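Q:
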Amino acid sequence: MDNMDQVFSLQGLHALVTGGASGIGEATTKELARAGAHVWVADINLRAAENLAATIRATGLHAQALTMNVTDEASIQAALAHLTQLDILVNNAGIGHVGSVATTATEDFDRLMNVNVRSVFLVTRALLPLLLASPAKGTIVNIASVAGLIGIRQRFAYCTSKGAVVAMTRQLAVEYPKELRVNAICPGTVETPFVEGYLDKYHAHEKEKVREELRARQPIGRLGTPQDVASMVRYLVSQEASFVTGSLFTIDGGWTAA
Numbered sequence: 103m104d105n106m107d108q109v110f111s112l113q114g115l116h117a118l119v120t121g122g123a124s125g126i127g128e129a130t131t132k133e134l135a136r137a138g139a140h141v142w143v144a145d146i147n148l149r150a151a152e153n154l155a156a157t158i159r160a161t162g163l164h165a166q167a168l169t170m171n172v173t174d175e176a177s178i179q180a181a182l183a184h185l186t187q188l189d190i191l192v193n194n195a196g197i198g199h200v201g202s203v204a205t206t207a208t209e210d211f212d213r214l215m216n217v218n219v220r221s222v223f224l225v226t227r228a229l230l231p232l233l234l235a236s237p238a239k240g241t242i243v244n245i246a247s248v249a250g251l252i253g254i255r256q257r258f259a260y261c262t263s264k265g266a267v268v269a270m271t272r273q274l275a276v277e278y279p280k281e282l283r284v285n286a287i288c289p290g291t292v293e294t295p296f297v298e299g300y301l302d303k304y305h306a307h308e309k310e311k312v313r314e315e316l317r318a319r320q321p322i323g324r325l326g327t328p329q330d331v332a333s334m335v336r337y338l339v340s341q342e343a344s345f346v347t348g349s350l351f352t353i354d355g356g357w358t359a360a
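Take the sequence shown: its letter number 1 is residue 103 in the working numbering, and every next letter is one higher.
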C-alpha cells in the first residue's frame, strides 16, 4: 500500500457490506478493500456481487461474493456459514418509498419496515457472535438517512424506518460500549441507482427538473456521491476512530444545518 492507503488502514480485517453490489454499498466495498480489508459483498443480486468481487480481485485486493436476502433468516444463516471471522459490519441494504401517512398502503409500510429495519436486526443479531469475537473489536456502521433526523414531505414510511435505524444504532452502542463500536451515517440525497429509480418511477417526464430541485435543497448545490459516504465508513471502522461510538454523521451538503 502507498502512504495514503496506510491512513485508516484496515489491513487483515474482515468486513461484510449488505447491499454491497451497487450504489453506496459498491463504493463502500471498494473503499474497504482498498484499505486492506477482506470484504464480503453480500447482496440479493449474486451476479452483481460476483462481478464486483471479481473486479476487486483483479486489482490484487480481497473480495468475495455472498448471496443474501437481508429479510430472510435462512438466507442470512446460509451466508453466515461461509464466515469464520468478522470485524466490520456495514448495514447498507435498504429501499425507499414516496407517500404521506394518508396515501401509504399498509403493505408498502410493512415492506419498508421489513427491508430497512427488521433486516438490520436480523443481520446484526446473526453476525453478533463473530463481531464480539473480533480481536480488533468489532465495528458496525448503519446507513441511515437525514430522513431519520428530520421530517421530509411525502416520505412517511421512509422517515419512520430510518428513524428506527438511528434508534437501533444508539441502543447497540449503549448495550455493548466496551465490546463494539456502533455508529450511523445519515446521507442526504446521493446520486445512486436508488435515486435514479425514484426519478424514473415518479418523475419520468421531468427528471432533470426534479434532479435540480434535489441539488438545490442541499446548500452545497450538488448531490452526494457514493464515495462521499464510503470515505466516512472507512474512517468509522478504522483504529483512528476508536473513541467514536453511538454517533450520527450527517453527510448532506448542509441540508440539516440550513
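Here a beta-carbon is modelled for each residue, glycine too, at the ideal position from N, C-alpha and C.
Treat the numbers as computed from the prediction; the structure is a model and nothing was measured.
1. If we ignore side chains and look at the alpha-carbon of each, how far apart do D212 and T226 end up?
2. Can you have a look at Y304 and say buried or exposed, based on whether 16 or more other CB atoms are within 10 angstroms of its CB?
3. Look at the alpha carbon of R149 and the alpha carbon of L338, and state the distance between them as a whole number of angstroms.
4. What would DSSP say about G122, mapped onto helix, strand or coil?
5. Thinking just about the alpha-carbon of each residue, which of H164, V143 and E152 is nearest to the one in L112?
6. Exposed or buried, what is G196 when buried is set at 16 or more other beta-carbons lying within 10 Å of its beta-carbon?
7. Can you confirm whether the region 205-224 touches the region 179-188 when touching is taken to mean that 3 or more C-beta pairs between the two stretches lie within less than 8 Å?
8. Whole angstroms is fine: what's the gap from R317's alpha carbon to P237's?
9. To the nearest whole angstrom, what separates the beta carbons of A286 and A343, a pair I think is in contact under 8 Å?
10. Would the beta-carbon of L234 fall within 8 Å of that of E281?
11. For the beta strand (DSSP E) containing Q166, name the first residue and the last one.
12. If you run the structure through DSSP and keep just helix, strand and coil, what is L229?
13. Can you give me the Cβ contacts of Q166 inside the same chain, cut-off strictly under 6 Å, excluding the 5 residues immediately before and after it?
14. Helix, strand or coil, according to DSSP, for F345 in the structure here?
15. Give the single residue among E315, K311, T294 and T358 whose Cα lies nearest to the Cα of G121.
16. Run through DSSP, which three-state label would F351 get?
17. Throw me the rounded Cβ distance for the G201 and F110 pair, which I believe falls under 8 Å.
18. Just verifying my parser: in three-state terms, what is the DSSP assignment at A305?
19. Are the beta-carbon atoms of S333 and E128 separated by less than 8 Å?
20. Return the CA-CA distance between G355 and V192, expressed in angstroms with no decimal places.
A: Once the coordinates are examined:
1. One-based indexing of the sequence shown puts residue 212 at position 110. One-based indexing of the sequence shown puts residue 226 at position 124. Each residue's Cα considered, the two are about 20 Å apart.
2. Sequence index remark: in the sequence shown, residue 304 carries index 202 (1-based). Counting Cβ neighbours within 10 Å, Y304 comes out exposed, since fewer than 16 surround it.
3. For the purposes of this step, residue 149 is taken as the residue at position 47 of the sequence shown. For the purposes of this step, residue 338 is taken as the residue at position 236 of the sequence shown. Taking the straight line joining both Cα atoms gives about 29 Å.
4. Within the sequence shown, residue 122 is the residue found at index 20, counting from 1. Coil at G122, not helix or strand.
5. On the sequence shown, position 10 is the one that residue 112 refers to. Closest by alpha carbon: H164.
6. Locating residue 196 in the sequence shown gives position 94, counting from the first residue. Counting Cβ neighbours within 10 Å, G196 comes out buried, since at least 16 surround it.
7. Note that the region 179-188 does not touch the region 205-224; fewer than 3 beta-carbon pairs, one per stretch, sit closer than 8 Å.
8. Walking along the sequence shown from the start, residue 317 turns up at place 215. Walking along the sequence shown from the start, residue 237 turns up at place 135. R317 and P237 have their C-alpha atoms spaced approximately 42 Å apart.
9. Along the sequence shown, read from residue 1 onward, the residue named residue 286 stands at position 184. Along the sequence shown, read from residue 1 onward, the residue named residue 343 stands at position 241. Cβ atoms of A286 and A343 stay farther apart than 8 Å, at about 13 Å.
10. Sequence index remark: in the sequence shown, residue 234 carries index 132 (1-based). Sequence index remark: in the sequence shown, residue 281 carries index 179 (1-based). Less than 8 Å separates the beta-carbon of L234 from that of E281.
11. Here residue 166 corresponds to residue number 64 of the sequence shown, with the count starting at 1. Per DSSP, the continuous beta strand (DSSP E) segment holding Q166 begins and ends at H164 to T169.
12. As a working mapping, residue 229 is identified with position 127 in the sequence shown. Looking at L229 - three-state DSSP - the assignment turns out to be helix.
13. Reading the sequence shown from its first residue, position 64 is the one you call residue 166. Beyond the five residues adjoining it in sequence on each side, Q166 comes within less than 6 Å, by CB distance, of W142 and A155 in the same chain, given in chain order.
14. By one-based count along the sequence shown, residue 345 stands at place 243. Note: F345 maps to coil in three-state DSSP.
15. Position 19 of the sequence shown, counted from the first residue, corresponds to residue 121. The closest CA to that of G121, considering only E315, K311, T294 and T358, is found on T294.
16. Along the sequence shown, read from residue 1 onward, the residue named residue 351 stands at position 249. In the structure shown, F351 sits in a strand (DSSP, three-state: E or B).
17. Reading the sequence shown from its first residue, position 99 is the one you call residue 201. Reading the sequence shown from its first residue, position 8 is the one you call residue 110. That pair is no contact at about 39 Å.
18. Residue 305 sits at position 203 when you count from the first residue of the sequence shown. Note on identity: in this sequence residue 305 is His, with Ala being the wrong assignment. Three-state result, H305: coil.
19. Along the sequence shown, one-based indexing puts residue 333 at 231. Along the sequence shown, one-based indexing puts residue 128 at 26. The answer is no: Cβ separation not under 8 Å.
20. As a first step, residue 355 must be located in the sequence shown, where it is residue number 253. As a first step, residue 192 must be located in the sequence shown, where it is residue number 90. If I take the Cα positions, the gap works out to 22 Å.
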